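S.K.: Supplied in C-alpha cells, the structure appears directly below.
Residue numbers (the numbering used here): 2 to 262.
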C-alpha cells in the first residue's frame, strides 16, 4: 500500500485521492483532518465534463455536445500521472512517471493539500510537477483531468455559495403584494454613465426579473442606447430595432390601437 501513496507536499490540512472501486459511482477526495469535508465527483459528472479534445474545445472553452455519449459508463481503469520536467533517477535514467492503480485493491490514496485561508482545496509543490487523473471508460473513451481542476470544482458548501455569488445570481420569487418592495427604479442617465448603477440595475433585473428605468424620454433611439449599454444588438430582418406604432385603418392587429402584451 505504501508504494501507491505519494506525498506531494507538507501541510496541516491534507487531502487524499481515493481511487474508485469497481461498481462504485463516485470518485472521492477525502480530507484526512476532517472527513465531513470529503468531496465526491459522480462518474456521470466526470464523463459529462470530460476535458479531452473530443469532448471539450479549449479555444472556445466550451463543451462539445455528443448526444450519443453514454453517461452511465463506469471506469475500468484509473491512472494517476505525475509529470516532472527532466525527471531522472540516481543513475541518470528517466523515472517512471506513471503510478497505475489496481481497481481490485480495496482503496488507494494520493496525498495532496488544501489552502488553509479559505478551506478551498488546491495543489502546490514543485513548479515543474503537474498532477493529473486519467480514466479509461467501459466504452474505451479516455478522460484526463488536472488535479487542481478537480479540486476547484468540489461540491462543497463554499463552492456552491461562490457559484451563486459569482457565476449566477440567485433568483428570488415574489408576489403582487411585494411588487413595490422588490421593484427598484433607476435613472436613465445614471444607468448610461455610472458603472455602479448599471451593475446594480442588472443585479436587480437578474434577481427579481424586473427593474424600472425612469426619465428615458420619448425620443426615438433611447431604447437602443439602453440596450447598447448592456451588449451588442442582434440585427434581424427588421433591423436592430423595430418601431411599433398605431396606424388607423390598418388590417394588421399589430398596428391597431390595442394593448401590447
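Every residue, glycine too, gets a C-beta built ideally from N, C-alpha and C.
All values derive from a computational prediction rather than experimental measurement.
In chain order, what residues of the same chain have a beta carbon less than 6 Å from the beta carbon of residue 60, not counting five sequence neighbours either side?
M.R.: Your numbering for residue 60 matches position 59 in the chain shown. Result list for residue 60: empty, nothing under 6 Å.
S.K.: Which class does residue 198 belong to by DSSP, given the choice of helix, strand or coil?
M.R.: The sequence position of residue 198 within the chain shown is 197, counting from 1. Reduced to three states, the DSSP call for residue 198 is helix.
S.K.: Does the ligand GDP have even one heavy atom less than 7 Å from the beta-carbon of residue 184?
M.R.: Among the components modelled here there is no ligand, and therefore nothing to report on the ligand GDP.
S.K.: Can you give me the C-alpha to C-alpha distance between residue 289 and residue 200, rounded to a whole angstrom?
M.R.: Residue 289 lies beyond the residue range present for the chain, which begins at 2 and ends at 262; the question has no answer from this structure.
S.K.: Is the CB-CB distance between residue 65 and residue 55 below 8 Å?
M.R.: The residue labelled residue 65 in the question sits at position 64 within the chain shown. The residue labelled residue 55 in the question sits at position 54 within the chain shown. It is a contact, given that the beta carbons lie within the stated cut-off.
S.K.: With residue 215 as the anchor, note down where its alpha helix (DSSP H) starts and where it stops.
M.R.: To locate residue 215, count along the chain shown from 1; it is residue 214. Not the alpha helix (DSSP H): residue 215 falls in the beta strand (DSSP E), residues 213–215.
S.K.: Exposed or buried, what is residue 231 when buried is set at 16 or more other beta-carbons lying within 10 Å of its beta-carbon?
M.R.: Start at 1 with the first residue of the chain shown, and residue 231 comes out as number 230. Its Cβ having fewer than 16 others within 10 Å, residue 231 is exposed.
S.K.: Tell me whether residue 150 sits in a helix, a strand or coil according to DSSP, three-state version.
M.R.: Locating residue 150 in the chain shown gives position 149, counting from the first residue. Three-state DSSP puts residue 150 in a helix.
S.K.: Could you give the distance in angstroms between the alpha-carbon of residue 26 and the alpha-carbon of residue 35?
M.R.: Locating residue 26 in the chain shown gives position 25, where the first residue counts as 1. Locating residue 35 in the chain shown gives position 34, where the first residue counts as 1. About 22 Å.
S.K.: Mark residue 162 as exposed unless 16 or more other C-beta atoms lie within 10 angstroms of its C-beta, in which case mark it buried.
M.R.: As a first step, residue 162 must be located in the chain shown, where it is residue number 161. That one is exposed.
S.K.: Helix, strand or coil, according to DSSP, for residue 244 in the structure here?
M.R.: The residue you call residue 244 lines up with position 243 of the chain shown. Coil.
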